[in-house]
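One structure is given below, encoded as structure tokens.
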Amino acid sequence: MVAAVKRHGGLTQVELAGVTGLSPATVSNIVKELVATGALHATPSTSSGRRALRVTLPHGLGLVAGVHVSPRHLRLALSDLNGTVLAERHMPLARDHRADAELDRTALLVMDMAESVESSMDEVLAVGLAVSAPIDRRTGMTARSGILRGWDGIPIGASLERRVGKPVQVDNAANLSALAEHRSGAARGRSTAITIDAGHGIGAGLVLDGRLFRGHHGVAGEFGHTPVLPHGPVCRCGNRGCLEAVAGAPAVLESIRDEVGTLKTTDLILRAMSGDAVCIRAIADAGRAIGTAAVGLCNVLDPERLVVTGEFARAGELLLGPMRHALESMTVVDADGTPDVVQGQLGEKAAVTGALAIAIEAVDVTSPR
129 MVAAVKRHGG LTQVELAGVT GLSPATVSNI VKELVATGAL HATPSTSSGR
179 RALRVTLPHG LGLVAGVHVS PRHLRLALSD LNGTVLAERH MPLARDHRAD
229 AELDRTALLV MDMAESVESS MDEVLAVGLA VSAPIDRRTG MTARSGILRG
279 WDGIPIGASL ERRVGKPVQV DNAANLSALA EHRSGAARGR STAITIDAGH
329 GIGAGLVLDG RLFRGHHGVA GEFGHTPVLP HGPVCRCGNR GCLEAVAGAP
379 AVLESIRDEV GTLKTTDLIL RAMSGDAVCI RAIADAGRAI GTAAVGLCNV
429 LDPERLVVTG EFARAGELLL GPMRHALESM TVVDADGTPD VVQGQLGEKA
479 AVTGALAIAI EAVDVTSPR
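Next comes the structure, spelled out in structure tokens:
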């Protein structure tokens, strides 16, 4: 019961019965016992216009931090164990940032966030770290060199643990975006869903039968490094013709530089939404390439929903429409059987929200403090 509340961040007793498979009467009895021992907290609420009892973790148990490191951005959040965000930080990163400097900065920022809510590092119980690169779960290092330059050959979680003195859980950002969208975003209630994180890089997170699928080594979902052009441009992973080298933000921006000059991804999207034909075409081409590559995933996994997150997701139907058309024209099922293609609901905070979730799961709320 406690695990279910940790996982979903607070539920009514009826909702708890649904996620645990127990009868409402059994849930009610267990909740009463756990509230009496202090393991859970219950408050009167309403659900669908009816009186209900909302069950959460007790207030004041402690805090967790979530961190997302991408090629160009660092995002952090501090929350309580119910997932309520109390403080956030976001800053751009240099093109070739290095792990040692950014992990030092991360440790200082976590401490600063704790102080900003009149707390301290003593109250921070765990840290979740989302990294925009495949993570080998055996070593805790990036699984392929060159994907996140400056972070290769480093046990990332252990390195941050030494700096903050707290347990650190680390995973691929695309996985954690998928986890967050499945629990509280656009994939909620869908047992099988694919989340595609499209921006500077392109990754995929796979939720199969309600569980995040990481693969044997933890590197499932390296969608952006699917070869799509045998003699295409060189990708940052070292191979040629990867999807990311064709439809990732740097490639898309470079493809139109002679026509519109040097732009940032935000500028590209804003100009496209304002009717700039060149920018509209560039985003549509990226959407078709991503959708075409996603056909293989959909034919193999048969997902119910495909959720798009990341910077490019802000383009909305300019990106999603061409993706949807590619899927409908090439998947083995008929058009009625293709997965829904929708924009993520958590925006650029999806990965850091997933990082908070794995940090909360790492905390043993039953142990004395």
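In this note's numbering, the protein residues as written are 129 to 497.
Each residue gets a CB set at the ideal place from its N, CA and C atoms; glycine is no exception.
What you are looking at is a predicted structure, and each value in this text was computed from that prediction instead of being measured.
query = DSSP puts Phe341 in a beta bridge; with which residues?
reply = Leu334
- Should Met219 be labelled buried (16 or more other beta-carbon atoms within 10 Å of its own) or exposed? exposed
DSSP three-state call for Leu222: helix, strand or coil?
Reading off the sequence shown, one finds Ala at residue 222, where the question assumed Leu. Coil.
- [ ] Using 10 angstroms around the beta-carbon of Ala478, count the other beta-carbons present and answer buried if the total reaches 16, otherwise exposed.
- [x] It is buried - the Cβ of Ala478 has at least 16 other Cβ atoms within 10 Å.
- prompt: Opposite Arg203 in the DSSP bridges: which residues?
  reply: Answer by DSSP bridge pairing, in chain order: His196, His218.
Euclidean distance between Cα positions of Ala164 and Thr320:
37 angstroms
Within the chosen definition, does the segment 310-326 reach the segment 417-434 through at least 3 CB pairs nearer than 8 angstroms? Verdict: yes, contact present.
> If you follow the alpha helix (DSSP H) that Asn427 is part of, which residue opens it and which one closes it?
Replying inline: 405-429
task = In the DSSP assignment, find the unbroken alpha helix (DSSP H) run with Ala229 in it and report its ends.
result = 227-244
TODO: With a threshold of 16 other CB atoms inside 10 Å of the CB of Ser248, please say whether the residue is buried or exposed.
DONE: exposed
When the Cα atoms are used, what is the spatial distance from Val252 to Ala193? When rounded, the separation of the alpha-carbon atoms in Val252 and Ala193 is 7 angstroms.
Next on the checklist: Assuming contact is defined by CB atoms lying nearer than 8 angstroms, are Leu340 and Leu381 in contact in what I supplied?
Outcome noted: no
Quiz item: Should Asp208 go down as buried or exposed, given a rule of 16 or more other Cβ atoms within 10 Å for buried?
Solution: buried
Self-check item: Beta-carbon proximity check, Glu480 vs Arg203, cutoff 8 angstroms
Solution: The sequence shown places Val at residue 480, rather than the Glu named in the question. Contact: yes.
Would a C-beta distance cut-off of 8 angstroms place Gly352 and Gly376 closer than the cut-off? yes
| said: Quick check: what's the CA-CA separation for Ala400 versus Ala412? | reply: 10 angstroms
Report task. With DSSP collapsed to three states, give me the class of Asp552. Result -> Look at the range of the chain in this structure, 129 to 497, and you will see that residue 552 is not part of it.
What residue range does the alpha helix (DSSP H) around Arg452 cover?
445-458
Q.
For the segment 295-313 against the segment 435-451, do three or more pairs of beta-carbon atoms, one drawn from each stretch, fall closer than 8 angstroms, so that the two count as touching?
A. yes
Give the single residue among Val255, Lys160, Val130 whose Cα lies nearest to the Cα of Ala485.
That would be Val255, whose Cα lies nearest to the Cα of Ala485.
query: From what residue to what residue does the beta strand (DSSP E) around Val259 run?
result: 252-259
- Query: Ile324 lies in the beta strand (DSSP E); which residues open and close that run?
  - Reply: 321-326
Coil, strand or helix - Gln471 by DSSP: strand
- With 16 as the cutoff for other CB atoms within 10 Å, does Leu357 come out buried or exposed? By the 10 Å Cβ count, Leu357 comes out exposed.
Counting Cβ pairs, one atom from each stretch, are 3 or more of them under 8 angstroms apart for the segment 231-242 and the segment 288-295? These segments touch.
Quick one: using the 10 Å Cβ neighbour count with 16 as the cut-off for buried, is Asn157 buried or exposed?
-> exposed
Where the alpha helix (DSSP H) through Asn300 begins and ends: Here Asn300 belongs to no alpha helix (DSSP H); instead the beta strand (DSSP E) covers 296-300.
* Asked: Which residue from Glu143, His359, Ala483 puts its Cα closest to that of His196?
  -> Ala483
Requested in this report: Taking all protein chains shown into account, decide if Val259 is buried (16 or more other Cβ within 10 angstroms of its Cβ) or exposed.
Outcome: buried
Where does Thr437 fall in DSSP's three states?
strand
Exercise. So, helix, strand or coil for Ala271, using DSSP?
Worked result: Residue state for Ala271 is assigned as coil, using DSSP reduced to three classes.
* To do: Express the C-alpha separation of Leu448 and Ala441 in angstroms, rounding to a whole number.
  => 8 angstroms
Beta-carbon proximity of Gly369 to Pro355, cut-off 8 angstroms: yes
(Q) Just to confirm, is the Cβ distance from Gly419 to Leu446 under 8 angstroms? (A) Cβ atoms of Gly419 and Leu446: not closer than 8 angstroms.
Practice task
Look at the alpha carbon of Gly211 and the alpha carbon of Ala132, and state the distance between them as a whole number of angstroms.
Solution key: 13 angstroms
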